[in-house]
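Heads up, the thing below is written out as structure tokens.
2 protein chains.
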Amino acid sequence: MFPTKSNETISDALKSVSLEAGRQKNGKLWSNLKEVCDLLRIPVSPNSSIASEETLFQHVQFKTGQRIHMIGQPFEMLYVVNSGFLKTVLIDELGNEQILSFPMKSDLLGVDGINSRFYTSEAVALSACDLILIPFKKLTTLGRTYPELENAMYSVMSRELVREQAMISMLGSLSAEGRVARFLVSLSDRFAQMGYSHRIFNLRMTRHEIGSYIGLTLETVSRTLSALHEIGWISVDQKTIEIKDIQALRNLRRLPNAKTRAKDKAKAAKTDKAIMPAVNLNQRTGTEYYESVLRPTA
Amino acid sequence: MFPTKSNETISDALKSVSLEAGRQKNGKLWSNLKEVCDLLRIPVSPNSSIASEETLFQHVQFKTGQRIHMIGQPFEMLYVVNSGFLKTVLIDELGNEQILSFPMKSDLLGVDGINSRFYTSEAVALSACDLILIPFKKLTTLGRTYPELENAMYSVMSRELVREQAMISMLGSLSAEGRVARFLVSLSDRFAQMGYSHRIFNLRMTRHEIGSYIGLTLETVSRTLSALHEIGWISVDQKTIEIKDIQALRNLRRLPNAKTRAKDKAKAAKTDKAIMPAVNLNQRTGTEYYESVLRPTA
DNA sequence: CGCAGACTTGACAGTACTCAACCAAAGTGG
DNA sequence: CCACTTTGGTTGAGTACTGTCAAGTCTGCG
Numbered sequence: 001m002f003p004t005k006s007n008e009t010i011s012d013a014l015k016s017v018s019l020e021a022g023r024q025k026n027g028k029l030w031s032n033l034k035e036v037c038d039l040l041r042i043p044v045s046p047n048s049s050i051a052s053e054e055t056l057f058q059h060v061q062f063k064t065g066q067r068i069h070m071i072g073q074p075f076e077m078l079y080v081v082n083s084g085f086l087k088t089v090l091i092d093e094l095g096n097e098q099i100l101s102f103p104m105k106s107d108l109l110g111v112d113g114i115n116s117r118f119y120t121s122e123a124v125a126l127s128a129c130d131l132i133l134i135p136f137k138k139l140t141t142l143g144r145t146y147p148e149l150e151n152a153m154y155s156v157m158s159r160e161l162v163r164e165q166a167m168i169s170m171l172g173s174l175s176a177e178g179r180v181a182r183f184l185v186s187l188s189d190r191f192a193q194m195g196y197s198h199r200i201f202n203l204r205m206t207r208h209e210i211g212s213y214i215g216l217t218l219e220t221v222s223r224t225l226s227a228l229h230e231i232g233w234i235s236v237d238q239k240t241i242e243i244k245d246i247q248a249l250r251n252l253r254r255l256p257n258a259k260t261r262a263k264d265k266a267k268a269a270k271t272d273k274a275i276m277p278a279v280n281l282n283q284r285t286g287t288e289y290y291e292s293v294l295r296p297t298a
Numbered sequence: 001m002f003p004t005k006s007n008e009t010i011s012d013a014l015k016s017v018s019l020e021a022g023r024q025k026n027g028k029l030w031s032n033l034k035e036v037c038d039l040l041r042i043p044v045s046p047n048s049s050i051a052s053e054e055t056l057f058q059h060v061q062f063k064t065g066q067r068i069h070m071i072g073q074p075f076e077m078l079y080v081v082n083s084g085f086l087k088t089v090l091i092d093e094l095g096n097e098q099i100l101s102f103p104m105k106s107d108l109l110g111v112d113g114i115n116s117r118f119y120t121s122e123a124v125a126l127s128a129c130d131l132i133l134i135p136f137k138k139l140t141t142l143g144r145t146y147p148e149l150e151n152a153m154y155s156v157m158s159r160e161l162v163r164e165q166a167m168i169s170m171l172g173s174l175s176a177e178g179r180v181a182r183f184l185v186s187l188s189d190r191f192a193q194m195g196y197s198h199r200i201f202n203l204r205m206t207r208h209e210i211g212s213y214i215g216l217t218l219e220t221v222s223r224t225l226s227a228l229h230e231i232g233w234i235s236v237d238q239k240t241i242e243i244k245d246i247q248a249l250r251n252l253r254r255l256p257n258a259k260t261r262a263k264d265k266a267k268a269a270k271t272d273k274a275i276m277p278a279v280n281l282n283q284r285t286g287t288e289y290y291e292s293v294l295r296p297t298a
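Protein chains in written order, with the UniProt record's numbering: chain B, 1 to 298; chain U, 1 to 298.
Put into structure tokens, the structure is as follows:
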């Protein structure tokens, strides 16, 4: 009776995850080092001394809209997302918000504070969240006891760096369609990784936030989602996304062009609003007609 | 008789720096841990045991065009730039090059390899370069002996992460003019930091490489440089850049707009090709005339 | 029920890309 | 030494894409 669980059931998921990766103590949730490493997808040899119960890290819960840390605040903690969805935001000199990431389960937050000793970005909960507190001082101390932990830290930071490089590459080279497609694909991948459906999911962020993240205006994001919907690669209804042709989305760098797309729209319209399957986007027949008909009416 | 040294004199600079930050041994240059930390601008307490001569790191020289490491190559080394100019390049699925950074003195290279155990980008020398080899294994081992080194590593990686975040923010929010202006300002700052002139310097990279770095085509880069030249904020001649109004460049987010710019060009033309000082870009007088004169001739 | 915020869609405009011609500098080879 | 090629740069014309402005819809919530 249970289909692939959607990411709707946050509170349910939270409960079960909490049981997996935490224990009660003084009425609060705590995780040991091993559990934190597992959460971060850091390989740890099973017989490692890391598995000890000596060092516990406290969980903290945040409600939607709550700030985890603010810009300029002294840096002391790293945070590992155990459940929930967040955004990290940079605010530039003119007060413009720039979304930097949408952290979710198993992501690490707060790394930007290490160098300057205060946070250079802020993190906000987009849903109810369960985070694990990692005091940075404690972490570096532990690193001396467990050499593999040290390597793991380097590894996680390196991973984050590579992720940002990919982001820069995307912003530098992809069209609006390419960016939105990639965004959806990466979300789909993340959800799959977390055990949610990779086909149907809910966006946790607004069009404005998506646009900020991938360097577009909210209108362009909305239009592009509509366009992808219309050619049948996805289905959009407000925050609900259904991926219908992930391979097409993956391969997309630049939609053929606006003219061709208009043609396909025309076809779709002619075939009684049926959604076109994602094949043969490059066909170019019987379309000049459509345009020449429309032009006079405008 | 020595003006502020320009960055022309690479080989000279290399020699002097080598004497500063290296020593001969078996006919090769070596630096100790303290010198490497200084180069990376990592604060080290002077009485620290880090200052020891025990651990030496070898220098390696590269000629223009030589590759320091390639994509997919197993990761073993980090590199610290002691002198010279480089580029790091990402190559995506379709073989498109994407410039990620232009490392120069005191930058760290190769961090992207830590996570995946092989380099995900390649580094190429844009000039003669002197790099210090840091075997990663050796570094992590040393980290256990010198706790402050460990912190320093985290700090450097965090710094790099913040830099990339700023890059993402820029690509997401700035116009072509803003990007080029920022690029020039950041170069100017770097050169100042290295003791070169912040007013006049030579670009080490092509327009194509600049464009890739800041997400524009080479034509747009060229045009924008010409525009900044024309309004008198900089002076461009091929690879030579002279900054004439760095404050204007710093504040630039979006040039008033194309129309206003055309007006200023008109003014500049009328005043017999004199270069306009960078004031009052927003004046909007006597310009419709210019346009209406030009239009018919086209 | 009305309001505010999020989203969609249209019209229009301006920025930046594409294509292309041209120029300059630096090799290359006879 | 001079044609010739190659590479990098500049500039123009035209166009496509994406931003801006604006109107209107939908949703959730007090």
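Every residue, glycine too, gets a C-beta built ideally from N, C-alpha and C.
Taking the Cβ atom as the reference point for each residue, do residue i and residue j lie within a distance shorter than 8 Å?
| i | j | result |
| --- | --- | --- |
| T64(B) | S127(B) | yes |
| V80(B) | I132(B) | yes |
| E122(U) | I168(U) | no |
| I234(U) | L203(U) | no |
| F102(U) | L86(U) | yes |
| K28(U) | H59(U) | yes |
| E76(B) | Q165(U) | no |
| T224(B) | A176(B) | yes |
| Q73(U) | C129(U) | no |
| S212(U) | E97(U) | yes |
| L161(B) | L161(U) | yes |
Starting from residue i, follow its DSSP beta bridges and name the residues at the other end.
| i | result |
| --- | --- |
| H59(U) | I132(U) |
| P103(U) | None; P103(U) has no bridge partner. |
| Y79(U) | L109(U) and L133(U) |
| T88(U) | S101(U) and A123(U) |
| I114(U) | Per DSSP, none; premise fails for I114(U). |
Pop quiz: residue i and residue j are said to be a contact at Cβ under 8 Å. What is the actual Cβ separation, rounded to whole angstroms?
| i | j | result |
| --- | --- | --- |
| V236(B) | V180(B) | With a Cβ gap of about 11 Å, V236(B) and V180(B) do not count as contacting. |
| R182(B) | L171(B) | With 8 Å as the limit, R182(B) and L171(B) do not qualify as a contact, their Cβ atoms being about 10 Å apart. |
| I243(U) | L249(U) | 7 Å |
| C37(U) | A152(U) | 6 Å |
| L142(U) | L216(U) | 42 Å between Cβ atoms; not a contact. |
| residue 320(U) | R144(B) | Any answer about residue 320(U) is impossible in this case: the structure gives chain U only from 1 up to 298. |
Using CA atoms only, rank isn't needed, just tell me which of the options is closest to residue i.
| i | options | result |
| --- | --- | --- |
| V111(U) | G232(U), V156(U) and A125(U) | V156(U) |
| R199(B) | R207(B), L100(B) and R190(B) | R190(B) |
| I134(U) | I114(U), S121(U) and E122(U) | I114(U) |
| S197(B) | Y213(B), I246(B) and E53(B) | I246(B) |
| W30(B) | V44(B), S45(B) and L56(B) | L56(B) |
| P43(U) | F102(U), I241(U) and E150(U) | E150(U) |
| R159(B) | F102(B), R41(B) and R223(B) | R41(B) |
| K239(U) | N32(U), H208(U), C129(U) and E230(U) | H208(U) |
| D107(B) | M205(B), S83(B) and K137(B) | S83(B) |
| M104(U) | L139(U), L39(U) and F136(U) | L39(U) |
| E54(B) | G232(B), K138(B) and L109(B) | K138(B) |
| V89(B) | I210(B), L218(B) and L187(B) | I210(B) |
| Y67(U) | D92(U), E35(U) and L109(U) | The sequence shown places Arg at residue 67(U), not Tyr. Closest option to R67(U), Cα to Cα, is L109(U). |
Does residue i get closer than 8 Å to chain U when you measure Cβ to Cβ?
| i | result |
| --- | --- |
| L100(B) | yes |
| P135(B) | no |
| P3(B) | With a pLDDT of 44 at P3(B), under the threshold of 50, the modelled position of this residue cannot be trusted, and the question is left open. |
| G195(B) | no |
| R179(B) | no |
| I68(B) | no |
| I200(B) | no |
| Y79(B) | no |
| L184(B) | no |
Step through the CB atoms of chain B and report whether any lies within less than 8 Å of the CB of residue i.
| i | result |
| --- | --- |
| S158(U) | yes |
| L109(U) | no |
| Y119(U) | no |
| Q165(U) | yes |
| D189(U) | no |
| L161(U) | yes |
| I114(U) | yes |
| N151(U) | yes |
| T140(U) | yes |
| R41(U) | no |
| K267(U) | Caution is warranted here: a pLDDT of 44 is assigned to K267(U), below 50, making its placement in the model unreliable, and no coordinate value can be reported. |
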